[in-house]
Amino acid sequence: VLTKPAFADLYRGAPDVDEVIAHERGGMATWVQTVRNLKKRRFDAAILLPRSFSAAFLAWSVRIPRRIGYADGARTKLLTETPAPLDRRHRVYHYHHLLSALGQPPAVTAPRIELPQDARDWAEEKLPDGPWIGFNPGATYGAAKQWFPDRFIELGRKLSRRGKLVVVGGPAEAELGEKVAKGIGGTCIAGKTSVMQLSAAIARCSLFVTNDTGPMHVADAVGAPMVAIFGPTDWIVTPPFGKSHTIVRHEIECSPCLKRTCPLGHHDCMKKVPVDQVLKACEERLP
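Quick note, the sequence shown lines up with residues 21 to 307 if you use this note's numbering.
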């Protein structure tokens, strides 16, 4: 798997991945060095999951004989095989469909991460005893994907009798995490973890409440019971893939719009998701 350095350890924890190559985007010198290094590997085929031009251009520059991906604009000419796209369904199936170009693909299975012992030890030290309920109030993609901090706080206060509370997130969400943690009287580890420490912390949660974000998919891969709040994003294409989750959303004609900010200015896809609706879903998921 070729991926960004930030995600490399996650893929190393995937039991079916043999090797991970971390690729840092940079200037021309970095690009040339990456191409040289990949050429030495003499790959037979590349499965291009992103629909970006840059992914196709990299595979073309490396001269990988078979470059398999979905056709999309200028990148199409850089691909050797372009399977017909599927209808609207989970993205896992779209990615899996690309493998059909190589023959009969393996069965689709739920994502799984195997956590290293040092990450487990860290999580046990930071989050002792339990049970723990995790909150992920941020969303890197944009504000439109975020349920409101005051509602996370209200929800956390109502759930505090059911367990200890922890707030997670990346470095960009540290301030938001501290605000929510202070409001609910919980522990904040937002911006204070490696990706595997974050994964191990989520794995310790009896329930994880989240927006549609990367940690949502991490929770899916470690098997944490989850309530996921969806607004402008597609609850059919990008939800958790496993079975231990509940999606909470408000049915509205303009969703999914997939925008970073609400183009209509009202943000009703999130505003009309009340605390009690999320609370009910949480109580049904809690043991």
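Quick reminder that beta carbons are idealized off the backbone N, C-alpha and C, glycines included.
Beta carbon of residue i nearer than 7 Å to that of residue j
i, j, result
"Arg87", "Ala79", "yes"
"Ala210", "Val188", "yes"
"Lys199", "Leu299", "no"
"Glu144", "Gly33", "no"
"Ile249", "Trp152", "no"
"Ala91", "Thr100", "no"
"Arg181", "Leu306", "no"
"Val238", "Ser226", "no"
Euclidean distance between Cα positions of residue i and residue j
i, j, result
"Asn156", "Thr233", "9 Å"
"Val316", "Cys302", "No answer is possible for residue 316: it lies beyond the span of the chain, which begins at 21 and ends at 307."
"Gln124", "His117", "10 Å"
"Leu69", "Gly285", "33 Å"
"Ala94", "Glu304", "48 Å"
"Val52", "Gly89", "23 Å"
"Arg280", "Cys274", "14 Å"
"Thr266", "Ala121", "34 Å"
"Gln297", "Arg171", "11 Å"
"Glu271", "Ile173", "24 Å"
"Pro191", "Gly46", "21 Å"
Residue closest to residue i, alpha-carbon to alpha-carbon, out of the options
i, options, result
"Thr258", "Val242, Pro235 and Pro245", "Pro235"
"Met216", "Pro283, Ile84, Trp142 and Thr50", "Trp142"
"Phe261", "Gly251, Pro252, Asp107 and Ala244", "Ala244"
"Asp254", "Val37, Asp170 and Cys289", "Cys289"
"Ala163", "Val37, His287, Phe63 and Glu271", "His287"
"Pro14", "Val298, Pro35 and Val40", "Beyond the ends of the chain as shown, which are 21 and 307, falls residue 14; an answer cannot be given."
"Gly154", "Asn231, Ser275, Thr50 and Cys282", "Asn231"
"Pro148", "Ala223, Thr102 and Arg83", "Ala223"
"Arg71", "Gln297, Arg111, Val293 and Arg132", "Arg111"
"Pro169", "Val293, Glu271, Phe63 and Phe27", "Val293"
Classification of residue i by the beta-carbon crowding that lies within 10 angstroms, buried from 16 upward
i, result
"Asp29", "buried"
"Glu311", "The displayed coordinates of the chain run from 21 to 307. Any statement about residue 311 would go beyond what the structure contains."
"Lys263", "exposed"
"Asp240", "buried"
"Gln137", "exposed"
"Lys59", "exposed"
"Ile256", "exposed"
Sequence-distant residues of its chain with Cβ nearer than 7 Å to residue i (five each side left out)
i, result
"Leu22", "Ile41 and His43"
Same chain only: Cβ atoms within 6 Å of residue i, ignoring 5 sequence neighbours per side
i, result
"Gly205", "none"
The ligand MN heavy atom lying under 6 Å from the CB of residue i
i, result
"Val268", "The ligand MN is absent from the structure shown, which contains no ligands of any kind."
8 Å Cβ shell around residue i - same chain, five flanking residues per side excluded
i, result
"Arg83", "Lys59"
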